[in-house]
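Notes to accompany the following structure.
Numbering (UniProt numbering), first residue to last: 1 to 434.
Shown next, in the form of structure tokens:
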């Protein structure tokens, strides 16, 4: 017995001296290889919406059918240095780090999904009412923005995920005019709204002062400076990737959107894509790191070409970072595409800088070296395209949930609700402050 006690003590001592293995983070290459393995095991001709658990929507209230969708409240901001009317927005939820909000309504025509996304006026491509920093000021048509603070960002309600698109930034005040500066470009949903475009790896920007291009906060010489009165045109190209895995992730949409009430208005609340540790390490590499940093996957042959007042300035960026899963993930870290992954036109203003967006069809300085139309499309067309996509996915979700509900009912005598492939929300939660 005494010998056994001594042996146990020795074993415990040895265990204490053994260091526990650290949790190893996956590199971009490993993530890609895992995604490719999934591609081999899944039938890429079949949508994967029925594979993941679905959330069954909460029941309606009688008042939901008579609810009138409303715009946010516009509070006019008085500023002697600005001749235009700008407004602060309130009485609506703003997108934040982990959650995204979209206006919705009850729809008895689709008894399984029960709620659908709606659009708020003006019905066109514009700055999103919800996807802006709370310190950004907008005009009532949602096309012009400014701020009285330091750099703050606003994203649009349209995203680019494939194809060639063209649009303009009209600089109404910039490059130090009355103290105002701007940065213009494109950004993914992970990019912080309380920082300038180009701050991190999720956005690409041009800087008015010096005409530099900026990515991951690293300015590099690109073109001549631009400022008040100048019009900067962007031709963004995102070529279609022909690989099976990319096609599967692009075309298989999974949307679990939970309806909530915010000050009497219905909104979808859904998980937002968040910055990854790998992208943070890429932006701020550790000086004592032994392991080399790997670059994220790219969209081959993608680019941003820039025009100033109709004159071609050059290609600012090439081979943009890929945005499809696993390169974009929510806090649940599942490879899910909710249908709105991509690059969004984005603007950031500093202390009175003013930018107006122009998505066409009439451009102030249409480029002379390219033909806008069937190949390179004015971005205003993306708005109706997105609505059509949303309707299609509503129909697919309706059918998918219909089958899921039938399965739940058929298995109800064999399993409890907790073991089925869909969870149920008993009631819409009321939220007073976000």
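Here a beta-carbon is modelled for each residue, glycine too, at the ideal position from N, C-alpha and C.
Helix, strand or coil at residue i according to DSSP, with G and I counted as helix
| i | result |
| --- | --- |
| residue 179 | helix |
| residue 99 | strand |
| residue 184 | strand |
| residue 389 | helix |
| residue 63 | helix |
| residue 402 | helix |
| residue 115 | strand |
| residue 365 | coil |
| residue 138 | strand |
| residue 427 | coil |
| residue 105 | strand |
| residue 370 | coil |
| residue 395 | helix |
| residue 189 | coil |
| residue 152 | strand |
| residue 70 | coil |
| residue 334 | coil |
| residue 382 | helix |
Nonlocal neighbours in the same chain, by C-beta distance under 6 Å from residue i, ignoring five residues either side
| i | result |
| --- | --- |
| residue 235 | 166, 305 |
| residue 224 | 211 |
| residue 363 | 168 |
| residue 214 | 198, 205, 207 |
| residue 92 | 72 |
| residue 315 | 303, 305 |
| residue 110 | 398 |
| residue 431 | 260, 262 |
| residue 217 | 199 |
| residue 344 | 155, 156, 159, 187 |
| residue 317 | 204, 304 |
| residue 275 | 190 |
Member of the options whose CA lies at the smallest distance from the CA of residue i
| i | options | result |
| --- | --- | --- |
| residue 60 | 80, 114, 94 | 114 |
| residue 141 | 104, 127, 133 | 127 |
| residue 298 | 240, 309, 69, 182 | 240 |
| residue 99 | 330, 66, 112, 323 | 330 |
| residue 75 | 107, 403, 89 | 89 |
| residue 270 | 260, 179, 317 | 260 |
| residue 209 | 238, 227, 106 | 227 |
| residue 65 | 84, 107, 309 | 107 |
| residue 435 | 222, 176, 186, 238 | There is simply no residue 435 to check, as the chain begins at 1 and stops at 434 in what is shown. |
| residue 394 | 143, 254, 282, 334 | 254 |
| residue 122 | 323, 307, 156, 371 | 156 |
| residue 143 | 171, 151, 277 | 171 |
| residue 279 | 201, 318, 401, 332 | 201 |
| residue 186 | 175, 174, 180, 158 | 158 |
| residue 386 | 323, 273, 130, 118 | 118 |
| residue 435 | 310, 320, 272 | Examination of residue 435 is not possible in this model, given that the chain is present from 1 through 434 alone. |
| residue 377 | 221, 164, 325, 175 | 164 |
| residue 191 | 149, 273, 308, 175 | 273 |
| residue 147 | 102, 345, 181 | 181 |
| residue 129 | 112, 101, 319 | 101 |
| residue 69 | 56, 104, 94 | 104 |
| residue 389 | 252, 86, 131, 83 | 252 |
| residue 301 | 189, 96, 162, 85 | 162 |
| residue 277 | 132, 79, 342, 294 | 294 |
Element boundaries [beta strand (DSSP E), containing residue i]
| i | result |
| --- | --- |
| residue 94 | Run containing residue 94: none; DSSP gives neither H nor E here. |
| residue 286 | That residue, residue 286, is in no beta strand (DSSP E); it is neither H nor E in DSSP. |
| residue 345 | 344-350 |
| residue 147 | 144-147 |
| residue 167 | 163-173 |
| residue 306 | 303-308 |
| residue 319 | Looking at the DSSP string, residue 319 is not in any beta strand (DSSP E), and its letter there is neither H nor E. |
| residue 377 | 376-378 |
| residue 75 | 73-77 |
| residue 357 | 354-358 |
| residue 132 | 127-132 |
| residue 160 | Unbroken run through residue 160: none, as it is neither H nor E. |
| residue 88 | 86-90 |
Cβ-based neighbour list, residue i, same chain, cut-off 7 Å, excluding 5 preceding and 5 following
| i | result |
| --- | --- |
| residue 184 | 169, 197, 205, 206, 232, 347, 355 |
| residue 369 | 312 |
| residue 145 | 127, 136, 137, 138, 154, 347, 349, 355 |
| residue 428 | 58, 259, 260, 261 |
| residue 124 | 380, 383 |
| residue 195 | 151, 153 |
| residue 339 | 253, 255, 389, 393 |
Spatial neighbours of residue i in its chain, beta-carbon cut-off 8 Å, leaving aside the 5 residues before and after
| i | result |
| --- | --- |
| residue 264 | 67 |
| residue 178 | 81, 352 |
| residue 322 | 296, 297, 298, 299 |
| residue 435 | Outside the displayed span of the chain (1 to 434) sits residue 435, for which this structure offers no information. |
Contact test: residue i Cβ vs the ligand GTP heavy atom, cutoff 7 Å
| i | result |
| --- | --- |
| residue 69 | By its list of ligands, the structure shown contains no ligand whatsoever, and the ligand GTP lies outside what it can speak to. |
Beta carbon proximity, residue i to chain C, threshold 8 Å
| i | result |
| --- | --- |
| residue 171 | Of the protein chains in this structure there is only one, and it is not chain C. |
Mind listing, in chain order, the continuous beta strand (DSSP E) runs of no fewer than 3 residues lying wholly within the region 194-281? 203-207, 213-215, 218-220, 231-238, 258-262, 265-271
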